[in-house]
Every structure is written in C-alpha cells, then in structure tokens.
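Colleague:
What follows is the structure, given as structure tokens:
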C-alpha cells in the first residue's frame, strides 16, 4: 500500500517534553529540527531517527519543553560574587545613611551571580530517553497519518484509472471508423489527382501513399501501450515500496501516448475522448506528487 508524504504526529513525556513531527511533499528527503539551543547536540540523532522511517518528504521536527527541569542544565549561584555584592551594599548604606532593605532579587539580576551549568551525565541521559520516547510516539502517529492518506490517494487514483480504462475501451471501438473516415478523405483527394496528367502517371505510387498515410494515422499501437501503462500503474499502487517517482514517470508516459493519439486522429469523438483522458491524467498527476 502506498504512503502519502503528508502527515503529522505528536508525542509527549510525563515530565513536560513535547515533540511534533510534520511531513509534507517534497522531491527529496529534507529534515529540519527546531529545539532549545542547549540540547542541539542531539539534533543529528533526531534526524537519523526520522531518516530511517521515511524515503521522501520535507519533515519538520519541533521540540518544546513545558518544564525547564527536564533540560540538561541547572542554575547555580556564584556565592562568592554575591557575598561581595552584599558587603558592598551594606558599606554603601552605612556610608550614606540609607535604611532600605537589601533586594535579593536585584542582586540576582547582576551579571555572573546566577550561573547556568550542565547537569550530570545521568540527567542528560534521562532527558535523551524522554525526548526519544516522545519522538518515537510522534513518528508513529505521523506514519499512521501518511498511510491513511496514502490509502485515500490510492482509492481516488484507482477510480480515475478505471474511468480512463472505460474511455479507452470506447475509443478502441472508434478506431476502425476513424481509419475508414481518414482513408475515404484521402481517396477522394486521390480521385481528383488522378484526373490530372501527372496524377495518371503516378497512380500506383499515389495508391501506396494513401495506404501508408492511413496506417500512419492509426492509433491502435498507442492504445495498446496505454492499456499496458494503466495495468502497470494499478500494479504499482499495490507495492509496499516507495513508488512516487515511478508513478510520476508512468503518468508522463500516459500523457505522451494520449497526446500522440490527439495529434494523429481527426475524428471528433476521439478528440472528445482525448480531452476526457487528459483531464483525469491531470488530476492523477496532482495526486502522484504527494505519494512517497
């Protein structure tokens, strides 16, 4: 079953860490991660986890933390600096006869009083475990949505392939009429040419040219190839492998064959059929762009 490249998933840990994974269609595989700067050292591991699960698509990962305690950092107080600041404040109050209380909050805002330090290796390990557990959950939800969307795309495309098949079957019944009509026009023109002296001298050659031109405008071979492409398309939709590029190629081949029929045949009913098929192929092409 095919997968779409569109999906979204969320995972969360008990300690307030949230991971969101969003996927949209893209020609290649592109992964970006947005997370707190102090944990960027595990960005490559996050990308590797995503890359092992998807073949194509633009994937964005957002890591947010509700509780700062889960981050592998902690705040420490530079007591030596704080003691010096308090001593200077007390001396200043005595010198100028001030009586207001010392504001600890104001002192903490002084550069260097509060110091951010990395937590222990154990804290970092616990944070990583929480993050990747949430990431695993988010990826699972995203992949589930991609499969569900892929199933919907497959159903829609199959219905359009069936519609094209019906039109092709109708077109096949029109081919003999188209050949007869075209040959009749050529032979009518031939009769006019044979009335001239030059035409009488080249009668045999002109008869051969009529047959060759009639054969040249026959679209039987194109119809056979279209049926083959349609069968391959439906077979490919059942594949468990990423087939987006293959389906895109088959769609292009179908377009090419249909365009050839349109240029060869001058029968109005076939021209109408060509328009119908092209309309369905354009819709299929749009759908295929979102298949992994």
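In UniProt numbering, the protein residues as written are 1 to 292.
Glycine included, C-beta positions come from ideal geometry on N, C-alpha and C.
Answer yes or no: does any C-beta atom of chain D fall closer than 7 Å to that of residue 219?
Modeller: In summary, chain D is missing from the structure at hand, where a single protein chain is found.
Colleague: Here's the rule: buried if 16 or more other CB atoms are within 10 angstroms of the residue's CB, otherwise exposed. What is residue 263?
Modeller: So residue 263 counts as exposed.
Colleague: Report the CB separation of residue 57 from residue 78 in whole angstroms; it is logged as a contact under 8 Å.
Modeller: No, residue 57 and residue 78 are not in contact; Cβ-Cβ is about 48 Å, not under 8 Å.
Colleague: What separation, rounded to the nearest whole angstrom, lies between the Cα atoms of residue 35 and residue 141?
Modeller: Spanning the two alpha carbons is a distance of roughly 20 Å.
Colleague: Helix, strand or coil: how does DSSP classify residue 241 here?
Modeller: In this structure, residue 241 counts as coil in the three-state DSSP scheme.
Colleague: Name the DSSP bridge partner or partners of residue 64?
Modeller: Per DSSP, 18.
Colleague: Spatial neighbours of residue 156 within its chain, please: CB distance less than 7 Å, with the 5 preceding and 5 following residues excluded, ordered by chain position.
Modeller: 287, listed in sequence order.
Colleague: Three-state secondary structure (DSSP) at residue 10?
Modeller: Three-state result, residue 10: strand.
Colleague: Quick check: the Cα distance between residue 7 and residue 218, rounded to an integer number of angstroms?
Modeller: Going by the C-alpha atoms only, they are around 46 Å apart.
Colleague: From 278, 165, 177 and 285, pick the residue whose C-alpha is nearest to that of residue 269; which is it?
Modeller: Of the candidates 278, 165, 177 and 285, the one whose C-alpha sits nearest the C-alpha of residue 269 is 177.
Colleague: Can you pull the DSSP bridge partners for residue 115?
Modeller: BP columns for residue 115 point to 76.
Colleague: Do residue 251 and residue 278 count as a contact pair if the criterion is CB distance below 7 Å?
Modeller: No.
Colleague: Threshold first: 3 residues or longer. Then list the beta strand (DSSP E) segments lying entirely within the stretch 93 to 158, N to C.
Modeller: Correct list: 114 to 118.
Colleague: Hey, could you find the ends of the alpha helix (DSSP H) residue 288 is sitting in?
Modeller: Run containing residue 288: 268 to 288, per the alpha helix (DSSP H) assignment.
Colleague: For residue 52 and residue 133, which I take to be in contact (beta-carbon distance under 8 Å), what is that distance rounded to the nearest angstrom?
Modeller: So it is not a contact: roughly 16 Å between Cβ atoms.
Colleague: Give me whichever residues DSSP pairs with residue 58 in a beta bridge.
Modeller: Paired residue(s): 24 and 30.
Colleague: To the nearest angstrom, how far is it from the Cα of residue 167 to the Cα of residue 153?
Modeller: The alpha-carbon atoms of residue 167 and residue 153 are separated by roughly 21 Å.
Colleague: Could you check the C-alpha separation between residue 48 and residue 280 for me, to the nearest Å?
Modeller: Distance between the alpha carbons of residue 48 and residue 280: 39 Å.
Colleague: DSSP has residue 4 in a bridge; who is on the other side?
Modeller: Looking at the DSSP assignment, residue 4 forms a beta bridge with 291.
Colleague: Going by DSSP, what residue range makes up the alpha helix (DSSP H) through residue 46?
Modeller: 43 to 51 is the extent of the alpha helix (DSSP H) around residue 46.
Colleague: Are the Cβ atoms of residue 4 and residue 150 separated by less than 7 Å?
Modeller: Against a cut-off of 7 Å, the Cβ pair of residue 150 and residue 4 comes out as a contact.
Colleague: Please report the straight-line C-alpha distance between residue 54 and residue 131, rounded to a whole angstrom.
Modeller: Distance between the alpha carbons of residue 54 and residue 131 is about 19 Å.
Colleague: Note down, in chain order, each residue of its chain lying with its Cβ closer than 6 Å to the Cβ of residue 10, except the 5 sequence neighbours on either side.
Modeller: Correct list, in chain order: 20 and 138.
Colleague: Using the Cα positions of residue 163 and residue 247, report the straight-line distance between them to the nearest angstrom.
Modeller: Approximately 17 Å between the Cα atoms of the pair.
Colleague: Here's a check: name, in chain order, each residue in its chain whose Cβ is nearer than 7 Å to the Cβ of residue 172, leaving out the five neighbours to either side.
Modeller: Once the five neighbours on either side are set aside, the close Cβ partners of residue 172 are 223.
Colleague: Determine the burial state of residue 17: buried for a count of at least 16 other Cβ atoms within 10 Å of its Cβ, exposed for fewer.
Modeller: Buried, since its Cβ has 16 or more Cβ neighbours within 10 Å.
Colleague: Could you check which residue in 85, 158, 94 and 91 has the C-alpha nearest to that of residue 106?
Modeller: Residue 85 is the option with its Cα nearest to residue 106.
Colleague: Using 8 Å for Cβ pairs, my map puts residue 59 next to residue 103. What's the rounded Cβ distance?
Modeller: So it is not a contact: roughly 48 Å between Cβ atoms.
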